[in-house]
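Enquirer:
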Amino acid sequence: MGNVPNLSPQQSISKKQINPNKNQQTNKKLRRRLLLALAFMLPMVISIQICIYKQEQMIQEKQITLNKEKKRLSELEITGRYFENDIKALTESEEGILKFARKLYGFSRPDETIFQITE
Numbered sequence: 009m010g011n012v013p014n015l016s017p018q019q020s021i022s023k024k025q026i027n028p029n030k031n032q033q034t035n036k037k038l039r040r041r042l043l044l045a046l047a048f049m050l051p052m053v054i055s056i057q058i059c060i061y062k063q064e065q066m067i068q069e070k071q072i073t074l075n076k077e078k079k080r081l082s083e084l085e086i087t088g089r090y091f092e093n094d095i096k097a098l099t100e101s102e103e104g105i106l107k108f109a110r111k112l113y114g115f116s117r118p119d120e121t122i123f124q125i126t127e
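Each residue of the sequence shown is one higher than the last, beginning at 9 in the working numbering.
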């Protein structure tokens, strides 16, 4: 233990004073790094949130459009079934053709008189 120098009380006090300055400097560096990290991450998070919000709006608009098209498709399917029944009636027999002509165009048989009432 002969190599360890004895420190006077003034020298030990000066070392204690140096350590708080280093701690303050490291605290300042940590604060600066933290603030820089937050300054970088905050705009990123905000821009990501904006993108997500816009995508949600687009999804809602697409769902509204999809629901409208589904309604339109179901209406067209109903109309298609109606036309299929009419086609079947027209192609099966002459009686079906006559019924269709009477109903739609007001045709009559040679010995009939049809009166159309308009409301």
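Glycine included, C-beta positions come from ideal geometry on N, C-alpha and C.
Take GLY104 and list the residues in its own chain whose beta-carbon comes closer than 6 Å to its own, dropping the five residues that flank it on each side.
Expert: The residues are ALA97, LEU98.
Enquirer: My assumption, with CB atoms under 8 Å, is that PHE108 sits in contact with ASP94. Please give the rounded CB distance.
Expert: Sure, about 7 Å apart at Cβ, within 8 Å.
Enquirer: Measuring straight from C-alpha to C-alpha, what distance separates LYS37 and ALA45?
Expert: Whole-angstrom Cα-Cα distance: 12 Å.
Enquirer: Entirely within the segment 33-65 and at least 3 residues each: give me those beta strand (DSSP E) ranges in chain order.
Expert: Fully enclosed beta strand (DSSP E) runs of 3 or longer: not present.
Enquirer: Quick check on DSSP: helix, strand or coil for PHE115?
Expert: Reduced to three states, the DSSP call for PHE115 is coil.
Enquirer: To the nearest angstrom, report how far apart LYS70 and ILE125 are at their CA atoms.
Expert: LYS70 and ILE125: Cα-Cα distance of roughly 47 Å.
Enquirer: Just how far apart, CA to CA, sit LEU81 and GLU102?
Expert: So the alpha carbons of these two residues sit roughly 32 Å apart.
Enquirer: Given this structure, state the Cα-to-Cα distance separating GLU64 from PRO51, to the nearest angstrom.
Expert: The straight-line gap from Cα to Cα measures roughly 20 Å.
Enquirer: Could you check the C-alpha separation between ASN31 and TYR61 for me, to the nearest Å?
Expert: Computed Cα separation, rounded: 44 Å.
Enquirer: What did DSSP end up calling ILE125 once you bin it into helix, strand or coil?
Expert: In this structure, ILE125 counts as coil in the three-state DSSP scheme.
Enquirer: Where does SER82 fall in DSSP's three states?
Expert: Three-state result, SER82: helix.
Enquirer: Quick one: grab the DSSP three-state call for GLU77.
Expert: Correct three-state label for GLU77: helix.
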